[in-house]
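J.: For the sequence shown, position 118 (counting from the first letter as 1) is numbered 118 according to UniProt numbering, and the numbering increases by one without interruption.
Below is a structure I'd like to ask you about.
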Amino acid sequence: MAKNKMHTHRHYEEENQWGCGSWLEYALVMILACILLLASLALTLYWVIKHRGGFAWRDDPIKQFNFHPVLMVAGFITFSGFSVLLYRICRCCRRIYVKLLHTVFHALAIPCVAVGFLTVLDSHNLAQPPIPNFYSLHSWIGLVTMGLFAIQFVVGFFSFLILLCCEGATAGFRASLVPIHASFGLTTFMLAIAACLTGLTEKVFFSLSSYYTTFPPEGYVVNTLGMVLVALAIVTGYILQREEFRFRAHILIRSGDL
Ligand code: HEM
């Protein structure tokens with residue numbers, strides 16, 4: 001109880017040290033990040049519905065492919081992005097609730113990524129003639145991204161479970177995991193952006209071919225989507241490295257409330 005009071009006190013002390021400029025900077029970059037996360041998904045949906053004929057299932061592998069970019073962006077960019085930013089957005093909630101929400105957002109990404117992966121496999125295997133699998137740089141980057149995401153989720157989930165059963169005894173162990181998990185989390189997010197950018201480039205060359213050089217409307221949509229993803233890489237990287245936005249982290253590490 002006394003420990004909690006001390007935390008709350010120190011927490012307000014730190015917040016009060018923030019000047020008007022710091023709050024403005026914080027609000028601006030957070031709002032920008034949220035807009036970009038939603039815009040990436042909205043633009044992907046707009047692109048596949050308006051320019052790529054929308055969605056179908058296994059009877060039309062070309063349109064079935066369209067699930068791939070939408071679900072990969074939803075899972076790896078929008079859900080994962082919000083999940084990562086939660087630690088900087090939820091400044092007043094108890095740490096345990098933030099962790100729970102972080103897990104829920106990443107858990108929501110799992111079905112998106114799984115179905116997004118299956119649809120691209122189907123769209124290759126059911127095409128006439130079938131298209132070979134895993135030949136491209138994009139598919140290799142994609143596999144590494146999915147592998148890292150799976151490892152991160154399993155390690156994060158188990159350390160979270162351990163926390164629930166023996167909080168005090170595992171505080172040191174969990175504290176040592178935090179920087180590793182955070183560093184690989186950012187790497188996974190950046191790799192997901194690289195996978196999306198290579199996937200977009202590949203798709204636009206497949207489908208527009210030399211017509212791409214004539215500045216068609218679809219080219220503008222895809223390029224804008226790519227630039228939104230680049231902006232996300234810059235803004236997310238900035239937010240995560242900014243010490244001031246890392247709320248109470250040093251106090252929590254010392255107290256074991258991780
Ligand atoms: C983080 C996001 C993404 C991941 C992890 C990912 C992963 C993959 C993987 C593993 C494959 C190989 C499937 C196979 O060979 O059977 C693939 C194929 C493909 N993906 Fe993605 N993808 C992502 C986002 C995107 C996006 C946004 C697009 C944009 C259209 C895209 C376009 C393609 C295309 C055209 C293929 C088929 C050609 C190829 O195998 O390279 N991907 N993706």
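Glycine included, each C-beta is placed from N, C-alpha and C at the ideal position.
Can you give me the start and stop residues for the alpha helix (DSSP H) that ALA74 sits inside?
T.: No alpha helix (DSSP H) holds ALA74; DSSP gives it neither H nor E.
J.: Would you report the Cα separation of HIS68 and ALA231, rounded to the nearest angstrom?
T.: 22 Å
J.: For TRP23, count neighbouring C-beta atoms within 10 Å of its own C-beta (all shown protein chains included) and say buried if the count is 16 or more, exposed if not.
T.: exposed
J.: Which value, in whole angstroms, describes the spacing of the CA atoms of ILE239 and GLN128?
T.: 46 Å
J.: Can you tell me which of the three DSSP states CYS90 falls into?
T.: coil
J.: What did DSSP end up calling ASN66 once you bin it into helix, strand or coil?
T.: coil
J.: Around the Cβ of LEU142, are there at least 16 other Cβ atoms within 10 angstroms (buried) or fewer (exposed)?
T.: Just to set this straight, residue 142 is Gly in the shown sequence, not Leu. Counting Cβ neighbours within 10 Å, GLY142 comes out buried, since at least 16 surround it.
J.: When you measure from the CB of THR119 to every non-hydrogen atom of the ligand HEM, does any distance come out below 6 Å?
T.: no
J.: With a threshold of 8 Å on Cβ separation, who are the neighbours of PHE134 within its own chain once the five nearest residues in sequence on each side are excluded?
T.: Once the five neighbours on either side are set aside, the close Cβ partners of PHE134 are TRP140 and LEU143.
J.: If you draw a straight line from the C-alpha of VAL180 to the C-alpha of SER159, how long is it?
T.: In the sequence as displayed, the identity of residue 180 is Ile instead of Val. For ILE180 and SER159, the distance between alpha carbons rounds to 12 Å.
J.: Where does the unbroken alpha helix (DSSP H) through THR145 begin, and where does it stop?
T.: 137–165
J.: Can you tell me which of the three DSSP states ILE31 falls into?
T.: helix
J.: Classify TYR220: buried if its beta carbon has 16 or more other beta carbons within 10 angstroms, exposed otherwise.
T.: exposed
J.: DSSP on GLY172, reduced to helix/strand/coil?
T.: helix
J.: Could you give the distance in angstroms between the alpha-carbon of ALA192 and the alpha-carbon of ALA171?
T.: 31 Å
J.: What are the boundary residues of the alpha helix (DSSP H) that residue 259 is part of?
T.: Nothing can be reported for residue 259: it is not among the residues displayed for the chain, which extend from 1 to 258.
J.: To which residues of the same chain is ALA195 closer than 7 Å at the C-beta, ignoring the five residues directly before and after it?
T.: These residues qualify, in order along the chain: HIS138, ILE141, GLY142 and THR145.
J.: Per the contact definition of three or more C-beta pairs closer than 8 Å, is the region 103–122 in contact with the region 71–86?
T.: yes
J.: Measuring straight from C-alpha to C-alpha, what distance separates LEU32 and THR78?
T.: 13 Å
J.: Identify the continuous alpha helix (DSSP H) that holds TYR239 and give its terminal residues.
T.: For clarity, residue 239 is Ile in the given sequence; the question names Tyr instead. 217–241 is the extent of the alpha helix (DSSP H) around ILE239.
J.: Contact between the region 149–159 and the region 98–106 is defined here as three or more beta-carbon pairs at a separation below 8 Å; is this criterion met?
T.: Verdict: yes, contact present.
J.: Is ILE131 helix, strand or coil by DSSP?
T.: coil
J.: What separation, rounded to the nearest whole angstrom, lies between the Cα atoms of HIS106 and CYS93?
T.: 19 Å
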